[in-house]
Amino acid sequence: MRIGLFGGTFDPIHVGHLVLATVAMEEGKLDRVIFMPAGLPPHKVGKHIAAPQHRLNMVKLAAGREPRFQVSDWELSKEEVSYTIDTVKWMRKQYPQDELFFIIGADMLADFPTWHAANEILQIVTLLAVPRPGFGELNAQQVWEQLPEHFRRRVQIVDMPEMEIASTWIRSRIQSGKSIHYLVPLQVEDYIIQHHLYEYRLGIEQTVPVAANDVLDQSRWIVCEQQIREYAMEQLSPYRFRHVEGVVQSAVELAKKYGVDERKIRVAAWLHDVAREWEPERLLAEADRLGIEQIFYIAVDLLHGPIAAKLAGEKFGLFDPEITQAVKYHTCGRAAMTVFEKVLCLADAIEPSRVYPGVDQVRRLAFNSLEKALAVQFDGTIAYLLQRNKPICVNTLLARNEWWQEVAETPADGARTNGNNS
Ligand SMILES: [Fe+2]
Ligand SMILES: [Fe+2]
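Numbering (the numbering used here), first residue to last: -4 to 417.
Spelled out as structure tokens, the structure:
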């Protein structure tokens, strides 16, 4: 059997790789091509390079439909980065009887004689050199002619057009919210979306904390905030939009007091009510489409929170869990809310245009204790719902019980009353 080895970072694998492997297979008369994602130094993995498991999974998805393509995780599973000679020796061990080929970019051909153990490599494999952008077959031929005779016998130039697709370009498209449709196989596209790969454009990749003074990240947040603000304006009546502006204002004030990231809370505030005025039919249809948890279906009014949280990812590439969780639970609350969640929830209740009975008390408490203010606010909400015989979300009760205890344990508190706010 004639077997070709195709190594690369594959970050992510794209149609250029697949076309290359196919042409190399035909031109080199190979029976099989083995894709081998390269191991990388650990410090490179994270912000710009996807985790090895993700790269491997994507290669498997991409190669899965061609029976002559195989995938090996040999390099990935090794602790240290390997030399080509180690890889081809491994290959020889796996396939002692077969004819082996190693696919490389034609641009690497000129340097090949200087590679570690170049002679030894060519005793084991034949090189299949494929044209690269800016380094076509003609260049490759010229370089080939310069090679020593014993090298030339073991190098074959593959005839194929140069393809101007690069993984870096694909990553930058994802970062700027552009489509990668047709650039990667559909399954790979789905995988990238599902796992939020390469989405550091808003400084919101979960594994990498945002550097607050990073100018680039600053500008990304500004763009994100503008986009969501415009979307809110589009979706809401002037009356509701004024409410949202008020929430932004109150949220920033509370954020200052309680040490919450102001940029993030602004984005959360603009986002929180974008679906607030949708018709019940639309809310229900969207909730079904987005797979919103059953607990929110207890009252149609509650659905606008989790829907807005999901739309953030879908429409704006915003997946920051701090923001999406706060938006998701801003109406009903939940057990063990974060400070960020409490700030949004409370800002929603006390923004300047709110006029319900008891709002002044909640406003006063807000700058004393988030929990006290929320306890009073939630008691009011629960009383209101009971009075009108409406269902109460269990999350609301869980949250309220937590704060009730905290407040009860604070003897200095004279502001709490039962059943206020109704
Ligand atoms: Fe809301
Ligand atoms: Fe609101």
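We treat Cβ as the ideally placed atom computed from N, Cα and C, and that holds for glycine.
May I have a chain-ordered list of the alpha helix (DSSP H) segments no shorter than 4 residues that lie completely inside the stretch 283 to 338? 299 to 311 and 316 to 323
Count the other C-beta atoms from every protein chain shown that fall within 10 angstroms of the C-beta of E159, then say buried if there are 16 or more, exposed otherwise. exposed
According to DSSP, simplified to helix, strand and coil, what is A394? In this structure, A394 counts as helix in the three-state DSSP scheme.
Note the first and the last residue of the continuous beta strand (DSSP E) segment covering A161. Taken as a continuous stretch (DSSP letters only), A161 belongs to no beta strand (DSSP E), as it is neither H nor E.
Three or more C-beta pairs below 8 Å linking the stretch 373 to 392 and the stretch 274 to 286: no
C-beta contact flag for I80 and I29 at 8 Å: no
To the nearest angstrom, how far is it from the Cα of G172 to the Cα of R148? 47 Å
Given a cut-off of 8 Å on the beta-carbon distance, is the pair I188 and P7 in contact? no
For G100: DSSP bridge partner residues: V125
Would you identify the three-state DSSP class for L95, choosing helix, strand or coil? strand
Which runs of the alpha helix (DSSP H) at least 4 residues long sit entirely within the stretch 259 to 286? Give them in chain order. 275 to 285
Output the distance between the C-alpha atoms of A33 and G3, rounded to the nearest integer angstrom. 5 Å
Taking 7 Å as the line, does the beta carbon of H267 fall inside it for any heavy atom of ligand 2? Yes, since a heavy atom of ligand 2 falls inside the 7 Å radius drawn around the Cβ of H267.
The alpha helix (DSSP H) spanning P47 covers which residue range? P47 to A58
Reduced DSSP secondary structure (H/G/I, E/B, other) of R418: In the structure displayed, the chain extends from -4 to 417; residue 418 sits before or after that span and is not available.
Determine the direct distance from the alpha carbon of F1 to that of I260, and round the result to whole angstroms. 47 Å
Helix, strand or coil for F64 per DSSP? strand
Can you tell me which of the three DSSP states V28 falls into? strand
Would you check whether ligand 1 has a heavy atom nearer than 7 Å to the C-beta of H9? No.
Give the DSSP-derived three-state secondary structure of H176 in the structure shown. Three-state DSSP puts H176 in a strand.
Assigned secondary structure, G11 (DSSP; H/G/I helix, E/B strand, else coil): helix
Going along the chain, which residues of its own chain have a beta-carbon closer than 7 Å to the beta-carbon of V210, five neighbours each way excluded? At V210, the pLDDT of 44 sits below 50, so the modelled position is not reliable and the matter cannot be decided from this model.
Hey, could you find the ends of the beta strand (DSSP E) I377 is sitting in? For I377, no beta strand (DSSP E) segment is defined; the enclosing uninterrupted segment is the alpha helix (DSSP H) at L365 to Q382.
Flag D343 as yes when its Cβ comes closer than 7 Å to any non-hydrogen atom of ligand 2, and as no otherwise. yes
Looking at the structure shown, is F236 part of a helix, part of a strand, or coil, going by DSSP? helix
Span separating the alpha-carbon of G409 from that of A307: With a pLDDT of 39 at G409, under the threshold of 50, the modelled position of that residue is not reliable, and the figure given next carries that caveat. If you take the alpha carbons of G409 and A307, they lie about 40 Å apart.
Given 8 Å as the limit, is there contact between the stretch 5 to 20 and the stretch 84 to 91, that is, 3 or more CB pairs closer than that? No: fewer than three Cβ pairs fall under 8 Å.
Give a yes or no on whether the C-beta atoms belonging to L365 and V322 are separated by under 8 Å. no
Count the other C-beta atoms from every protein chain shown that fall within 10 angstroms of the C-beta of M31, then say buried if there are 16 or more, exposed otherwise. buried
For W273 and H38, the rounded distance between their alpha carbons: With a pLDDT of only 46 at H38, under the threshold of 50, the placement of this residue in the model should not be trusted; the figure read from the coordinates follows. Distance between the alpha carbons of H38 and W273: 46 Å.
Would the beta-carbon of G300 fall within 8 Å of that of T333? No, these two residues do not count as a Cβ contact at 8 Å.
Going by C-alpha distance, which of F291, V10 and A227 is nearest V179? V10
Could you give the DSSP three-state label for L341: helix, strand or coil? helix
In three-state terms, what does DSSP make of I(-2)? strand
Taking its Cβ as the centre, do 16 or more other Cβ atoms sit within 10 Å of G312, making it buried, or is it exposed? buried
Do the stretch 214 to 233 and the stretch 334 to 345 make contact, defined as three or more Cβ pairs closer than 8 Å? As far as the Cβ criterion goes, the stretch 214 to 233 does not touch the stretch 334 to 345, which means the pair count is below three.
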